[in-house]
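**Student:** Just passing along the structure, written as structure tokens.
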Amino acid sequence: MQDKPVALVTGANQGIGLQIAREFVGHGFTVLVGSRNFERGVAAASEIGPDAIALQLDVTDQASITAAADRIGNEFGRLDVLVQNAAISNTKKRPDQSVEDYAKTARPSNVSLDEMRAVWDTNVFGVLAVYQAMLPLLRKAPQARIVNVSSGAGSLTRNSDPAFSHRPIFGPVYPASKTALNALTVAMAIELEAEGIKVNAVSPGFTKTNLNGYAGTETVEEGACEAVRVALDRDGPTGTFTHATLGTIPW
Ligand code: NAP
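To get my numbering, take the position in the sequence shown, counting from 1, and add 11.
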């Protein structure tokens, strides 16, 4: 078993995940760059450097998840850090459609159940499937940590406040998928607290990436920094939901 800690970042071929992977290498990790398209993962890993290794991982494909866990087990024997970053915001928004106009088509009364299922398949069930497959490897690491990349858009407390600016776009597809991810985070943290494996959720903030058509206001460095901080903190708490500058976000 190698001495260097091993991290897996899902959806690390672009955006915030790529930046998280890059920073882990800077902190002395071997990083598995999870990518549903292997070639894009290879390109991202070669951009980072020799301590980044491409790993084919589609979080909606159980065979892909199982093969990825088998490979990590065979090559590294353990996993120190798992960052569940892969997500999609929609499958049906037209490129010329604003987020607000798309949200009007994705309300509880009119949302396509197929759209909701597709997004939850990646953002919720994909996270749970990767958790289940990677847990035996995390248990082999001395102080394993899991970071789930959530969003303040999923906060029920914030969205219950009529003054919250994003409230009009709270709906069953992406925002509620992050609410469900938050619930999974708490359940995972409770399950693993006796074993000392920490599970926390972070919010990157509105970051300039493909997810929002590069409309975000934060850089990927700013978007990645809370996930990296929480993942590196061996002595921090478990079961938290935080943002780099806002601190604790209410669930
Ligand atoms: P992004 O640039 O679109 O990156 C998303 C990544 O997830 C891509 O690598 C994508 O792969 C991957 N992915 C999608 N479906 C996948 C699947 N089935 N299996 C494996 N990988 C899959 O978006 P981002 O902004 O960096 O998002 C990263 C995380 O931050 C997400 O969890 C997102 O919800 C969260 N977040 C982002 C913002 C923001 O403003 N950007 C705000 C709050 C939270 P492909 O390249 O193959 O599509």
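Here a beta-carbon is modelled for each residue, glycine too, at the ideal position from N, C-alpha and C.
What separation, rounded to the nearest whole angstrom, lies between the Cα atoms of residue 30 and residue 107?
**Tutor:** Distance between the alpha carbons of residue 30 and residue 107: 28 Å.
**Student:** What are the complete alpha helix (DSSP H) segments, minimum 4 residues, inside the stretch 44–90?
**Tutor:** Qualifying alpha helix (DSSP H) stretches, in chain order: 49–59, 73–86.
**Student:** Quick one: give me the first and last residue of the beta strand (DSSP E) that residue 253 is part of.
**Tutor:** That run of the beta strand (DSSP E) goes 252–254.
**Student:** Which residue spans inside the stretch 134–165 form an unbroken alpha helix (DSSP H) run of at least 4?
**Tutor:** Fully enclosed alpha helix (DSSP H) runs of 4 or longer: 137–149.
**Student:** Distance cutoff 8 Å, beta carbons only. Does residue 212 sit that close to anything in chain C?
**Tutor:** Protein chains in the displayed structure number just one, and chain C is not present.
**Student:** Report all residues from its chain with a CB closer than 8 Å to the CB of residue 114; omit the five preceding and five following residues, and keep chain order.
**Tutor:** Cβ within range, chain order: 179, 180, 182.
**Student:** Pairs of beta-carbons, one from the stretch 137–144 and one from the stretch 163–179, closer than 8 Å: are there three or more?
**Tutor:** Contact between the stretch 137–144 and the stretch 163–179 is absent, because fewer than three Cβ pairs lie under 8 Å.
**Student:** Quick one: Cα of residue 56 to Cα of residue 20, how far?
**Tutor:** Cα to Cα, residue 56 sits roughly 12 Å from residue 20.
**Student:** Mind checking which residues open and close the alpha helix (DSSP H) that includes residue 231?
**Tutor:** Per DSSP, residue 231 belongs to the alpha helix (DSSP H) from 231–243.
**Student:** If you follow the alpha helix (DSSP H) that residue 19 is in, where does it begin and where does it stop?
**Tutor:** Note, residue 19: premise wrong, no alpha helix (DSSP H); beta strand (DSSP E) at 17–20.
**Student:** Bridge partners of residue 258, per DSSP?
**Tutor:** Partner(s): 254.
**Student:** Would you mind working out which of 133, 243, 255 sits nearest residue 37, comparing C-alpha positions?
**Tutor:** Answer by Cα proximity: 243.
**Student:** May I ask which residues mark the beginning and end of the beta strand (DSSP E) holding residue 214?
**Tutor:** Here the beta strand (DSSP E) through residue 214 covers 209–214.
**Student:** Can you give me the start and stop residues for the alpha helix (DSSP H) that residue 29 sits inside?
**Tutor:** Taken as a continuous stretch (DSSP letters only), the alpha helix (DSSP H) holding residue 29 covers 26–37.
**Student:** Tell me whether the beta-carbon of residue 213 lies closer than 8 Å to the beta-carbon of residue 135.
**Tutor:** Taking 8 Å as the Cβ cut-off, residue 213 and residue 135 do not qualify as a contacting pair.
**Student:** For residue 228, does the three-state DSSP call read helix, strand or coil?
**Tutor:** Three-state DSSP puts residue 228 in coil, outside helix and strand.
**Student:** When the Cα atoms are used, what is the spatial distance from residue 53 to residue 171?
**Tutor:** Those two C-alpha atoms are separated by around 43 Å.
**Student:** Where residue 67 and residue 149 are concerned, what is the direct C-alpha to C-alpha distance, given to the nearest angstrom?
**Tutor:** Their Cα atoms are separated by approximately 19 Å.
**Student:** Any chance the CB of residue 155 is under 7 Å from a heavy atom of ligand 1?
**Tutor:** Not so, every heavy atom of ligand 1 lies at least 7 Å from the Cβ.
**Student:** Can you say whether residue 201 is buried or exposed, counting buried as having 16 or more other CB atoms within 10 angstroms of its CB?
**Tutor:** Classification of residue 201: exposed, given that the 10 Å Cβ count is below 16.
**Student:** Return yes when the C-beta of residue 167 is under 7 Å from any heavy atom of ligand 1, and no when it is not.
**Tutor:** Because no heavy atom of ligand 1 lies under 7 Å away, the Cβ of residue 167 does not count as near it: no.
**Student:** Could you tell me whether any non-hydrogen atom of ligand 1 is closer than 7 Å to the CB of residue 140?
**Tutor:** Result no, Cβ not under 7 Å from ligand 1.
**Student:** Quick check: does the Cβ of residue 98 come within less than 7 Å of any heavy atom belonging to ligand 1?
**Tutor:** Answer for residue 98: yes, Cβ within range of ligand 1.
**Student:** Helix, strand or coil for residue 41, going by three-state DSSP, please let me know.
**Tutor:** In the structure shown, residue 41 sits in a strand (DSSP, three-state: E or B).
**Student:** CB-CB under 6 Å to residue 79, same chain, minus the five flanking residues each way: which ones, in chain order?
**Tutor:** Cβ within range, chain order: 66, 68.
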